[in-house]
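Using numbering that gives the first Met the number 0, the first residue of the sequence shown is number 0, and each one after it goes up by one. One structure below.
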Amino acid sequence: MNNSTREQNEERLSERPAWLKRLSVVIPLYNEEENVEELHERLTGVLSSIGIDYELIYVDDGSTDGTPVLLEELSRSDERTVVLILRRNFGQTAAFAAGFDVARGDVIITMDGDLQNDPADIPKLLSRIDDFDLVSGWRKERKDPYLSRRLPSMAANWLISRVTGVRLHDYGCSLKAYRREVVKSLRLYGEMHRFIPAVASWYGVSVTEVETTHHPRLRGKSKYGISRTVKVMLDLITVKFLQSFSTKPIQFFGPLGLGCGLTGFTLSLYLSARKILFGESIGGRPLLLLSILLIIVGIQLIGMGLISEMLVRVYHESQKKPIYVIKEILGRKEK
Ligand code: UDP
Ligand code: MG
């Protein structure tokens with residue numbers, strides 16, 4: 000790193016918040032042997048120029064190439080490096096979660112291990128972390144193939160932003176900075192890491208976005224194909240459902256169930272009336288089938304809502320998980 004960028008970084012962070020004493024950088028790696036060394040070199044260059052104590056947490060997500068061996072060497076030669084080796088490939092979200100669990104920094108930065116994100120953007124993210132709890136990267140000029148990646152990603156970003164109501168341009172960018180409390184209270188499942196900003200902001204976490212540089216993948220292969228889009232969509236449905244109804248599922252199933260049940264009941268009343276008053280035969284009418292179907296579906300939905308209500312109680316009470324999030328408690332003096 001040359002001197003002028005060093006000065007720039009230091010200047011950017013000259014008003015570094017007093018609470019920021021240590022950084023953790025969490026990086027998932029799955030078969031990235033061609034990238035590990037350069038990644039480490041560039042990260043170390045940027046992080047040491049910032050002048051804050053840091054730790055590098057590399058999470059090897061069950062790689063089958065030389066990645067774990069290279070990481071092991073790094074952990075021996077550089078005392079700021081922590082390496083987690085997962086037993087098998089659990090996926091990027093799980094790898095992030097593992098890194099979050101051991102991270103000890105006041106701010107936790109995540110990025111990809113394939114050098115598509117630029118470590119040089121880290122100071123830029125940090126410059127906003129005093130004002131926001133979460134700073135997310137925006138790959139404004141994304142360098143990925145258009146049809147297989149950028150197009151589905153544009154559609155996904157548009158949809159996620161509409162559905163979650165959290166307006167970001169780029170949900171898929173791994174380069175993000177979080178205040179410690181944000182990641183420590185998160186539970187991640189599926190392919191959920193891209194929904195962290197949305198989930199976090201529902202909990203009242205403040206989120207902003209900064210433009211970051213994106214590079215084409217120079218070495219190694221991308222680990223995802225078009226099939227990821229489907230997974231992301233399903234996760235989006237889960238996230239949205241949890242956001243809206245996780246503490247009151249009957250409010251979701253109830254109206255649907257009542258709607259179906261009552262419609263079915265009305266239809267069957269109508270059919271019965273025709274039978275009784277006019278002696279019509281109703282046995283062969285499709286409407287009869289429909290009304291029976293609606294009544295059964297209605298009862299099922301309400302039953303499902305009630306079961307879900309019980310599940311919610313089990314979920315919260317067994318884990319002593321409150322249904323609120325406290326930011327801080329003022330005025331109580333602990334003895
Ligand atoms: N990755 C991982 N586990 C997986 C798939 C990917 O840890 O199962 C890592 C991968 O090594 C890389 C990052 O996640 O560091 C992003 O993956 P990739 O570059 O393949 O995704 P893309 O940039 O193509 O969306
Ligand atoms: Mg990549």
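By construction, the Cβ of each residue, glycine as well, lies at the ideal position given by its N, Cα and C atoms.
In the DSSP annotation of this structure, T43 is not part of any beta strand (DSSP E); the continuous alpha helix (DSSP H) holding it starts and ends at V35 to I49. Beta-bridge analysis with DSSP links N116 to H213. Per DSSP, the beta bridge partners of A176 are I108 and V134. Classified as exposed, I295 has fewer than 16 neighbouring CB atoms from the shown chains inside 10 Å of its CB. DSSP places R21 in the strand class (E or B) of the three-state scheme. Closest by C-alpha distance to L288, out of K222, F99, T207 and T262, is T262.
Spatial neighbours of I291 in its own chain (CB-CB distance under 8 angstroms, excluding positions within 5 residues in sequence) are listed in chain order as G263 and S267. Take the alpha-carbon of D117 and the one of M309: they are about 47 angstroms apart. Burial check for V313: the Cβ neighbour count within 10 Å stays below 16, so the residue is exposed.
At the C-beta level, L300 and F240 stay beyond 7 angstroms of one another. Counting of Cβ neighbours within 10 angstroms places T163 among the buried residues, the total reaching 16 or more. Under the 8 angstroms Cβ criterion, the stretch 128-145 does not count as touching the stretch 45-56, having fewer than three qualifying pairs.
In this structure, E31 has its beta carbon less than 6 angstroms from a heavy atom of the ligand UDP. Look at the beta carbons and you see the stretch 205-222 touching the stretch 98-117: at least three pairs across the two are nearer than 8 angstroms. DSSP places D100 outside any beta strand (DSSP E); the residue lies instead in the alpha helix (DSSP H), whose first and last residues are Q91 to V101. By the beta-carbon neighbour count (other beta carbons within 10 angstroms, threshold 16), L46 is buried. Secondary structure of P67 (DSSP, three-state): helix.
Within 10 angstroms of the beta-carbon of W137 lie 16 or more other beta-carbons, which makes it buried.
According to the DSSP assignment, I294 belongs to no beta strand (DSSP E) but to the alpha helix (DSSP H) extending over P285 to S317. Here E33 is not near T66, since their CB atoms are 7 angstroms or more apart. Counting the other CB atoms within 10 Å of its CB gives S152 a total of 16 or more, which places it among the buried residues. Shortest gap from the CB of K222 to any heavy atom of the ligand UDP: under 6 angstroms. Taking a contact as a CB-CB distance under 8 angstroms, the pair L19 and V106 counts as one, their CB atoms being some 6 angstroms apart. Between the alpha carbons of D59 and L70 lies a gap of roughly 8 angstroms. Here A94 has P27, V58 and D60 as same chain residues with Cβ atoms under 6 angstroms from its own Cβ, once five neighbours each way along the sequence are excluded. In this chain, the alpha helix (DSSP H) harbouring D234 covers S226 to F244. Annotation: the continuous beta strand (DSSP E) that includes V58 extends over D52 to D59.
In the DSSP annotation of this structure, the continuous segment of the beta strand (DSSP E) that includes V82 starts and ends at T80 to I84. Remark: C-beta atoms of H213 and R141 approach each other more closely than 7 angstroms. In this structure, the alpha-carbon of V198 lies about 11 angstroms from that of S184.
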